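Engineer: Numbering (the numbering used here), first residue to last: 220 to 661.
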């Protein structure tokens with residue numbers, strides 16, 4: 220289909236205010252039902268913005284009071300094709316205002332940026348999607364196929380009161396959807412000589428949160444004690460924390476590195492893979508974490524009094540597992556931890572991977588190049604996780620594509636869950652233009 224730019228200026232003009240206003244709505248997800256701020260207020264605001272241009276809205280609370288989700292459909296020219304879902308989450312991680320230059324829920328627009336918790340994760344994408352959805356309805360734009368706009372709860376805590384719950388309990392909301400686009404991708408990296416590449420997420424590691432438990436003999440803290448659960452757990456956790464899982468080159472990572480080599484000439488030899496990846500600057504934190512499985516101890520819990528040796532000690536470990544590696548990963552855990560350490564999975568979300576090809580990828584590439592001639596798209600694997608883990612259960616093919624053209628010196632990856640999270644105003648406007656083209660050609 221040909222591209223219709225008429226009316227795009229209104230969407231570009233309003234995206235900054237939409238993003239700023241949404242950031243001002245606190246939707247902090249602590250992962251604790253007693254302390255989190257439910258997404259209902261943010262969801263109702265999104266619903267209002269869609270309703271005022273004529274969308275029929277479906278509002279659903281996912282498994283708990285206030286965990287709001289909003290869905291809207293826009294019929295396409297060919298409804299026999301599989302529908303495309305644009306999804307974003309409304310919750311954000313906590314922020315300590317005392318650490319920030321501006322209040323994290325101010326939505327401040329200053330120094331060329333929109334500031335606040337969620338500015339890059341991911342109220343920026345929600346703002347761009349809203350601006351585009353509103354423009355399509357307002358201007359009578361008919362996309363090539365049906366579009367589903369989904370704004371979801373609880374992504375920051377695994378989606379158990381969001382995407383996962385919806386897939387299990389409301390699968391009819393996803394009827395006809397064959398492909399989905401969400402976070403974390405579409406952002407630019409500037410390589411040597413000003414060459415820009417835009418990364419499209421085609422894969423993400425599995426999330427496996429693990430509780431370790433060691434049992435021993437309780438006793439008095441003043442006595443000699445040879446069966447101390449705390450000591451045994453500390454030794455096991457230290458072994459795991461110091462362990463390095465083997466380097467594994469997945470298809471997504473290999474294709475990304477090959478693309479960087481083509482654009483820059485930088486080589487990634489197998490005998491110095493991590494050293495070479497480190498030359499990618501801030502991005503190396505993400506790419507480096509996709510070269511191997513990781514298991515990072517994050518919490519310890521033992522004892523109740525200084526002079527009492529407890530009978531049980533526990534630890535929590537954040538495990539991130541490469542596609543196809545789960546069985547080998549668990550076997551290696553057994554070898555590192557030993558027989559005395561009990562294991563309990565408290566979250567187990569699968570790795571996701573798709574190929575970097577097809578009409579949708581072509582549409583992404585065309586929409587980026589139209590706004591940034593000479594740019595190139597590259598696939599990559601995300602070290603974290605997204606709601607794609609839920610949607611993949613419905614055999615929906617998932618990508619991360621939230622287009623942003625970023626300043627070369629901005630350490631973008633450090634802003635995710637970071638202090639002074641912010642997104643460039645110009646990047647939001649760029650992304651809105653790209654999404655407008657993309658959804659008209661998808």
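Ideal Cβ positions, reconstructed from N, Cα and C, are used throughout, including at glycine. Here the structure is a predicted model, which means the values were calculated and not measured.
For a test of the three-state rule: what should DSSP assign to residue 276, helix, strand or coil?
Structural biologist: coil
Engineer: Quick one: give me the first and last residue of the alpha helix (DSSP H) that residue 649 is part of.
Structural biologist: 644-659
Engineer: If we count the other Cβ atoms within 10 Å of its Cβ and call it buried at 16 or more, is residue 587 buried or exposed?
Structural biologist: For residue 587, the number of other beta carbons within 10 angstroms of its own is at least 16, and it is reported as buried.
Engineer: Among 350, 530, 428, which one has its Cα closest to the Cα of residue 437?
Structural biologist: 530
Engineer: If you pair each beta-carbon of the region 338-349 with each one of the region 222-239, do three or more pairs fall below 8 angstroms?
Structural biologist: Result yes; three or more Cβ-Cβ pairs closer than 8 angstroms.
Engineer: If the criterion is Cβ atoms closer than 8 angstroms, does the pair residue 432 and residue 551 meet it?
Structural biologist: no
Engineer: If residue 355 sits next to residue 363, beta carbons under 8 angstroms apart, how far is it from one beta carbon to the other, in whole angstroms?
Structural biologist: Actually they do not touch by this definition, with Cβ atoms about 12 angstroms apart.
Engineer: For a test of the three-state rule: what should DSSP assign to residue 545, helix, strand or coil?
Structural biologist: helix
Engineer: Curious, which full-length alpha helix (DSSP H) runs of at least 4 residues does the region 444-509 contain?
Structural biologist: 448-461, 470-483, 492-496, 503-507
Engineer: By DSSP, does residue 428 sit in helix, in strand, or in coil?
Structural biologist: The three-state secondary structure of residue 428, taken from DSSP, is strand.
Engineer: Going by alpha carbons, who is nearest to residue 544 out of 462, 252, 511?
Structural biologist: 511
Engineer: Who pairs with residue 329 in a beta bridge, going by DSSP?
Structural biologist: 332
Engineer: Check whether the Cβ atoms of residue 246 and residue 343 sit closer than 8 angstroms, and answer yes or no.
Structural biologist: no
Engineer: Assuming residue 475 and residue 598 make a contact with CB atoms under 8 angstroms, what is their CB distance in whole Å?
Structural biologist: 6 angstroms
Engineer: Please specify which runs of the alpha helix (DSSP H), each continuous and at least 4 residues long, are wholly inside the region 221-279, giving them in chain order.
Structural biologist: 227-242, 259-270
Engineer: Taking just the CA atoms, how far does residue 444 sit from residue 570?
Structural biologist: 43 angstroms
Engineer: Pick helix, strand or coil for residue 585, following the three-state DSSP scheme.
Structural biologist: helix
Engineer: At a cut of 8 angstroms, does the region 400-414 reach the region 623-639 through at least three beta carbon pairs?
Structural biologist: yes
Engineer: Below 8 angstroms between beta carbons: does that hold for residue 397 and residue 266?
Structural biologist: no
Engineer: Return the CA-CA distance between residue 376 and residue 635, expressed in angstroms with no decimal places.
Structural biologist: When only Cα atoms are considered, residue 376 and residue 635 end up about 15 angstroms apart.
Engineer: With DSSP collapsed to three states, give me the class of residue 350.
Structural biologist: helix
Engineer: Alpha carbon to alpha carbon, what distance is there between residue 248 and residue 316?
Structural biologist: 15 angstroms
Engineer: So for residue 564, helix, strand or coil by DSSP?
Structural biologist: Of the three classes helix, strand and coil, the one that applies to residue 564 here is strand, per DSSP.
Engineer: In its own chain, which residues sit with a C-beta less than 6 angstroms from the C-beta of residue 334, not counting the 5 before and 5 after it?
Structural biologist: 321, 327, 641
Engineer: With which residues is residue 595 paired in a DSSP beta bridge?
Structural biologist: Per DSSP, 416.
Engineer: So, using beta-carbon positions, are residue 600 and residue 422 closer together than 8 angstroms?
Structural biologist: yes
Engineer: In whole angstroms, what is the alpha-carbon distance linking residue 579 and residue 589?
Structural biologist: 15 angstroms
Engineer: Assuming the contact rule is C-beta atoms closer than 8 angstroms, residue 358 and residue 293 should be a hit. Round their C-beta distance to whole Å, please.
Structural biologist: About 12 angstroms; that fails the 8 angstroms criterion.
Engineer: With DSSP collapsed to three states, give me the class of residue 318.
Structural biologist: helix
Engineer: So is residue 369 buried or exposed if we call it buried at 16+ other beta carbons inside 10 Å?
Structural biologist: Answer is buried; the Cβ neighbour count reaches 16.
Engineer: Starting from the N-terminal side, write out each stretch of the beta strand (DSSP E) that is 3 residues or longer and does not extend beyond the region 600-637.
Structural biologist: 616-619
Engineer: So, do the region 266-281 and the region 374-392 have three or more beta carbon pairs nearer to each other than 8 angstroms?
Structural biologist: yes
Engineer: For residue 424, count neighbouring C-beta atoms within 10 Å of its own C-beta (all shown protein chains included) and say buried if the count is 16 or more, exposed if not.
Structural biologist: Burial call: buried.
Engineer: Using a threshold of 8 angstroms, state whether the C-beta atoms of residue 621 and residue 403 are closer than that.
Structural biologist: yes
Engineer: Buried or exposed, going by whether 16 or more other CB atoms sit within 10 Å of the CB of residue 299?
Structural biologist: exposed
Engineer: List the DSSP bridge partners of residue 402.
Structural biologist: Partner(s): none; residue 402 has no beta bridge.
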